[in-house]
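Numbering of the sequence shown is given in UniProt numbering, commencing with residue 4 and proceeding in unit increments. C-beta: ideal position from N, C-alpha, C; glycine also. The model shown is predicted, which means the values in this text are computed figures rather than measured ones. The structure appears below as C-alpha cells.
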Amino acid sequence: KILIIGANGQIGTELVKALRAIHGSNQVIAADIRKPADSEGDEGPFELVSVTDADNLRRVFEAHKPTQVYLLAAILSAVGEKNPKMAWDLNMTGLLLVLDYAIEFKVAKLFWPSSIAVFGPNSPKENTPQYCVMDPNSVYGFSKLAGERWCEYYFEKYGLDVRSIRYPGLIGWKAAPGGGTTDYAVHIFHEALTNGKYTSFLSEGTELPMMHMDDAIRATLALMDAPAESLSIRSSYNLAGLSFTPEQLGEEIKKHIPGFELSYVDTDPRQAIADSWPKSIDDTQARTDWGWQPEFDLPRMVEDMLTNLKKIK
Ligand code: VAH
4 KILIIGANGQ IGTELVKALR AIHGSNQVIA ADIRKPADSE GDEGPFELVS VTDADNLRRV
64 FEAHKPTQVY LLAAILSAVG EKNPKMAWDL NMTGLLLVLD YAIEFKVAKL FWPSSIAVFG
124 PNSPKENTPQ YCVMDPNSVY GFSKLAGERW CEYYFEKYGL DVRSIRYPGL IGWKAAPGGG
184 TTDYAVHIFH EALTNGKYTS FLSEGTELPM MHMDDAIRAT LALMDAPAES LSIRSSYNLA
244 GLSFTPEQLG EEIKKHIPGF ELSYVDTDPR QAIADSWPKS IDDTQARTDW GWQPEFDLPR
304 MVEDMLTNLK KIK
C-alpha cells in the first residue's frame, strides 16, 4: 500500500494519478486536509487528516500499514512568509511525525520533497551545485533545509530509506499551484488563454529553475525505483529541468497566441524570495546515481501546457 499525504496539492494530485495507474486505485491511499473538489472518476481510498494531528495521522498508518509513504503536505514560500510560525510548525511537525511513524510501522520507503528554496543569497547563482553555501532566508526554504538534515539523520541513524528531490518551480496543467513564488509560470497560461494577457508578479529578468510536472513525476518515480545502494545523496537531490525569465516565457507563448500581452507589477513581496534563489541548477549527481534526464524544454513545455489547458477550459 502507498500512502500519499498532501494528496490534493500541486504534486500530490498528479502523483496519486500516476501511482494509481501503476498499482491500481485501491493500493494508493490519498490523504489530505480536504477532499478533492472534483473527485471525478478515479475514486480510491481517501483519508481526511492533517499532518499536525499526531493521533489521527497515526490512525492512518495503523489502518493501512503503508509500505511506501509520500509526505507532500507543506506551506510553500509565499504563504510561508505571511505565516512564518505556522509554516515552520506545519512543515517540521509533519515531517518529524512521519519520520517516527515510518520507523514504527516499518515503512520500506519514504519520499519527502525539498526545493531549490534551500539555497540562499550567498549560494552560487548559476549551475548551483549539490553542495555549497546555503543561507535560505525564507521560512519555507530553511524549513526544507532543516528537513533535509532530519532525513539524512534518520537514514544514517535508523536506516530509514528516505529519499528526496530539491524540486524547481513546477509547471503542470492538471492541478493548480498553491502559495508559491514560481506560481506565476502556471497562472500565465490560464490568463493567456482566458484574457490574452497576464501581469507578472515577478520582474521580466527574473530567471528561475523550472520543470514540467511530467518530468517531475517521472523523476520522483525513477528515484523511488532506484536500488538503494545506487543512491549517494540522502539529504535531497538537486534536479534541473529548464530555466527561463517571465519575458522568455512570454515570448514563447506569443508564438502560439500572437496578441498575448505580458506586463509587470511594480513591486510584490515574492520578488525578494525569487531574487534569493538560484537561476540554474547542477543536477549531475541525479544523472549519475539514477539516470535522470529531463524531456521538456521551453518550446515543448509551452506547447504541452497550452494544448492541454485548451482541452479543459
Ligand atoms: C514555491 N513552488 O514557489 C514552490 C517551490 C522552487 C519553488 O519551492 O515556493
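Check this for me: beta carbons of residue i and residue j, under 8 Å apart or not?
{"i": "S283", "j": "N130", "result": "yes"}
{"i": "D92", "j": "T55", "result": "yes"}
{"i": "A90", "j": "G83", "result": "yes"}
{"i": "L224", "j": "A21", "result": "yes"}
{"i": "L113", "j": "A105", "result": "yes"}
{"i": "E255", "j": "V305", "result": "yes"}
{"i": "G181", "j": "G12", "result": "yes"}
{"i": "I25", "j": "Y73", "result": "no"}
{"i": "residue 320", "j": "A81", "result": "Outside the modelled stretch of the chain, which goes from 4 to 316, sits residue 320, for which no answer is possible."}
{"i": "A243", "j": "P212", "result": "yes"}
{"i": "L312", "j": "W176", "result": "yes"}
{"i": "M227", "j": "R166", "result": "yes"}
{"i": "R169", "j": "S239", "result": "yes"}
{"i": "M216", "j": "E17", "result": "yes"}
{"i": "K128", "j": "P261", "result": "no"}
{"i": "L148", "j": "P69", "result": "no"}
How many Å lie between residue i and residue j at the Cα?
{"i": "Q296", "j": "F192", "result": "25 Å"}
{"i": "S118", "j": "R237", "result": "14 Å"}
{"i": "Y157", "j": "T291", "result": "24 Å"}
{"i": "K316", "j": "V52", "result": "31 Å"}
{"i": "G199", "j": "F263", "result": "5 Å"}
{"i": "L163", "j": "S203", "result": "42 Å"}
{"i": "N241", "j": "A289", "result": "7 Å"}
{"i": "D35", "j": "N86", "result": "20 Å"}
{"i": "F64", "j": "K258", "result": "49 Å"}
{"i": "H67", "j": "E50", "result": "10 Å"}
{"i": "R152", "j": "L75", "result": "17 Å"}
{"i": "T185", "j": "N59", "result": "32 Å"}
{"i": "V110", "j": "T310", "result": "39 Å"}
{"i": "V19", "j": "E250", "result": "33 Å"}
{"i": "I78", "j": "L173", "result": "15 Å"}
{"i": "N94", "j": "K88", "result": "10 Å"}
{"i": "D286", "j": "Q71", "result": "25 Å"}
{"i": "P171", "j": "C154", "result": "19 Å"}
{"i": "R221", "j": "V268", "result": "35 Å"}
{"i": "A57", "j": "V101", "result": "9 Å"}
{"i": "K314", "j": "L196", "result": "11 Å"}
{"i": "G27", "j": "A229", "result": "21 Å"}
{"i": "A10", "j": "S141", "result": "24 Å"}
{"i": "F145", "j": "R62", "result": "29 Å"}
{"i": "E107", "j": "P132", "result": "35 Å"}
{"i": "P116", "j": "E194", "result": "28 Å"}
{"i": "T270", "j": "P48", "result": "44 Å"}
{"i": "E159", "j": "S235", "result": "12 Å"}
{"i": "K4", "j": "D218", "result": "24 Å"}
{"i": "L252", "j": "P139", "result": "26 Å"}
Report back the beta-carbon spacing between residue i and residue j to the nearest angstrom; my notes put them in contact at under 8 Å.
{"i": "M137", "j": "G123", "result": "6 Å"}
{"i": "R23", "j": "V31", "result": "5 Å"}
{"i": "E298", "j": "T248", "result": "Not really, about 22 Å apart at Cβ, beyond 8 Å."}
{"i": "Y143", "j": "A120", "result": "6 Å"}
{"i": "A277", "j": "T209", "result": "5 Å"}
{"i": "R303", "j": "L205", "result": "Not a contact, Cβ separation roughly 22 Å."}
{"i": "Y187", "j": "L265", "result": "Incorrect: roughly 10 Å between the Cβ atoms, too far for contact."}
Would residue i pass as an interface residue toward chain B - the criterion being a Cβ-Cβ separation below 8 Å?
{"i": "G47", "result": "The chain labelled as chain B is not found in the depicted structure, where only one protein chain is given."}
With burial defined as no fewer than 16 other Cβ atoms inside 10 Å of the residue's Cβ, what is the status of residue i: buried or exposed?
{"i": "N125", "result": "exposed"}
{"i": "Y161", "result": "exposed"}
{"i": "N29", "result": "exposed"}
{"i": "S279", "result": "buried"}
{"i": "E46", "result": "exposed"}
{"i": "A231", "result": "exposed"}
{"i": "G294", "result": "exposed"}
**Report entry** Chain-ordered residues, beta carbon under 5 Å from a heavy atom of ligand 1
**Finding:** L79, S80, S118, I119, A120, G172, G183, T184, T185
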